[in-house]
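Novice: One line per chain: the protein sequences are A and B, in this order. Start counting the first sequence at 3; every next residue gets the next number (the working numbering). Start counting the second sequence at -12; every next residue gets the next number (the working numbering). Glycine is no exception: its CB is placed at the ideal position from the N, C-alpha and C atoms.
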Amino acid sequence: MSNENVKAAKRPGHIDLDHILHWVLLIGVVVSISVMLLGLVLLALNPASASHQTGSIPQAIDGALHGNPAEVLTVGILLLMATPAVRVVTCLIGFLAERDWLYTFVAIAVTLVLVFSIFVAAE
Amino acid sequence: MVSLGTFVGITVLGVAAGLMGAMVGLGGGILIVPLLTLVFHVPIHNAIGASIVAVIATSSSAASTYVNDRLANIRLGMTLETFTTIGAVTGGLVAGAISKNALNGIFGTVMILVAATMFRRKSEGRIIPKDPDDRLGGDYYDPYLKKEVTYKVRNVPIGLAASFIAGNLSGLLGIGGGVVKVPAMTLGMGVPVKAATATSNFMIGVTAVASAFIYFSRGMIDPLITAPAAIGVFLGARLGARIAPGINTRHLLSIFVVVMVAMAIQMILKAFGIEVR
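1) Who pairs with GLU135(B) in a beta bridge, going by DSSP?
2) Can you tell me whether ALA41(B) is helix, strand or coil according to DSSP?
3) At a Cβ threshold of 9 Å, is ASP102(A) touching chain B?
4) Would you kindly check if the distance between the Cβ of SER157(B) and the Cβ of ALA195(B) is under 9 Å?
5) Could you say which of GLY161(B), ALA224(B) and ALA171(B) lies nearest to ILE201(B) if we only look at CA atoms?
6) With 16 as the cutoff for other CB atoms within 10 Å, does HIS238(B) come out buried or exposed?
7) Starting from the Cα of MET98(B), find the closest Cα among GLY15(B), GLU262(B), ILE261(B) and ALA82(B) and give me that residue.
8) Closest to ILE19(B) by C-alpha separation, out of PRO215(B), ALA228(B) and LEU240(B), would be which residue?
9) Check for me: the alpha helix (DSSP H) holding ILE93(B) runs from which residue to which?
10) Counting only Cβ pairs nearer than 8 Å, list the residues of chain B close to ALA109(A).
11) Using a beta-carbon distance below 9 Å, is LEU27(A) in contact with chain B?
12) Quick check: what's the CA-CA separation for ASP120(B) versus LEU63(B)?
13) Using only CA atoms, which one of PRO130(B), LYS168(B) and TYR128(B) lies nearest to VAL143(B)?
14) Find the nearest neighbour of SER36(A) within the set LEU19(A), GLN61(A), THR76(A) and HIS24(A), judged by alpha-carbon distance.
15) Chain B beta carbons: is any one of them nearer than 9 Å to that of PRO49(A)?
16) Could you check if HIS68(A) is buried or exposed, using at least 16 other CB atoms within 10 Å of its CB as the buried criterion?
17) Around the C-beta of ILE85(B), are 16 or more other C-beta atoms found within 10 angstroms, so that it is buried, or is it exposed?
18) Is the Cβ-Cβ distance between PRO71(A) and LEU45(A) less than 9 Å?
19) Tell me, please, whether the CB atom of ASP64(A) is closer than 9 Å to any CB atom in chain B?
20) How many angstroms separate the CA atom of VAL29(B) from the CA atom of GLY36(B)?
21) Rounded to whole angstroms, what's the CA-CA distance from ILE234(B) to LEU100(B)? Just pull it up for me.
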């Protein structure tokens, strides 16, 4: 770690957001890819069972819990889609903890656009 | 119904796209979409849906490394994401409203434009060290220069405009849009190339998510096409990032551009109803 970073880390109210984001992103990708691989294994074991209905989150979760391979894949995909969204909310909380109001506001704006996109999608 | 053979085939194709992309500095999206439509005859809307998800995997995975190295500028990324996400929602809605043929044609045209930029060397803009209290500026340790690099971020509006266009490309075509954002950040905003590339990558996941729900709710994210594409591109990109430093990419680049232009022409022909097999 360089001197500059040590100084930054000692700033009052500073949290190591970079490090937290590293783990959020890594865990999100590893978990979602693992769920997809699980779906792939289920599919290989029973190729005929891969029926699914697209476009509904509750249906995907229900199907996945019943071991439907295509729905397990869909849940993996949804977890992957959730990863960057969780990253934005993590940044929001981090900026808030640092009392960095400007960037808290910016993070809220991005969160709102994502929420808006879900409403637009539901139309 | 996609057979297990097709599933494996798409995974292999994804690995190839991710690997090639990582070696010449492109996301997998610009390759996975034409490969899915031309090789597996996947409808282009579904190919783009698959690419959007695949791009989230590669971006998040690369970004997890970049944030740890302090290369990705989180505040700059978040600022520009306000416009990439708005652009992506717009692009996603437009994609849903236009025909397969039109989308094939637009994709082919953008591919040729991207191919044309590939021989240009990425050049640094004028880098000004940041003030100690500046939160938008960045600093990171450069192991090649063996020193701490700090930079001030200038001309935010240029970045926002480029971000809106990049977001459009993401929502409409399922590609990351680094080709627009990186030059805007380096030449326009004074961000060093390494930080600009990392920050662009950091933004791609969130940008892709902004249109992903639109594709999902319209049934354009087929799990049996999307999951193998995502797994494949993810693995290929990880592998590519590992072996790329040891390879002379100059030669590879020429072959790559020829392949890209060939696929682009096929996409454009497809737009006019001509199938070349």
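Specialist: Per the coordinate set shown:
1) Looking at the DSSP assignment, GLU135(B) forms a beta bridge with TYR128(B).
2) ALA41(B) falls in the helix class under three-state DSSP.
3) Answer yes: the Cβ-Cβ gap between ASP102(A) and chain B drops below 9 Å somewhere.
4) In this structure, SER157(B) lies closer than 9 Å to ALA195(B) by Cβ.
5) Here the closest residue by C-alpha is GLY161(B).
6) With fewer than 16 Cβ atoms within 10 Å of its Cβ, HIS238(B) is classed as exposed.
7) Ranking GLY15(B), GLU262(B), ILE261(B) and ALA82(B) by CA distance to the CA of MET98(B) puts GLY15(B) first.
8) Measuring C-alpha to C-alpha distances from ILE19(B) to each of PRO215(B), ALA228(B) and LEU240(B) identifies PRO215(B) as the nearest.
9) First-last of the alpha helix (DSSP H) with ILE93(B): 87 to 104.
10) Going along chain B in sequence order, the residues near ALA109(A) (Cβ under 8 Å) are MET65.
11) With 9 Å as the cut-off, LEU27(A) counts as an interface residue toward chain B.
12) Cα to Cα, ASP120(B) sits roughly 15 Å from LEU63(B).
13) Ranking the options by Cα distance to VAL143(B), first place goes to LYS168(B).
14) Comparing Cα positions, the closest option is THR76(A).
15) Yes, because at least one Cβ of chain B sits closer than 9 Å to the Cβ of PRO49(A).
16) By the neighbour-count criterion, in which a residue is buried when 16 or more other Cβ atoms sit within 10 angstroms of its Cβ, HIS68(A) is exposed.
17) Exposed: under 16 other Cβ atoms inside 10 Å.
18) Their beta carbons are under 9 Å apart, which means PRO71(A) touches LEU45(A) by this criterion.
19) Residue-level contact by beta carbon fails for ASP64(A) and chain B, as no gap is shorter than 9 Å.
20) Rounded to whole angstroms, VAL29(B) to GLY36(B) spans 11 Å at the Cα level.
21) Approximately 25 Å, taken between the alpha carbons.
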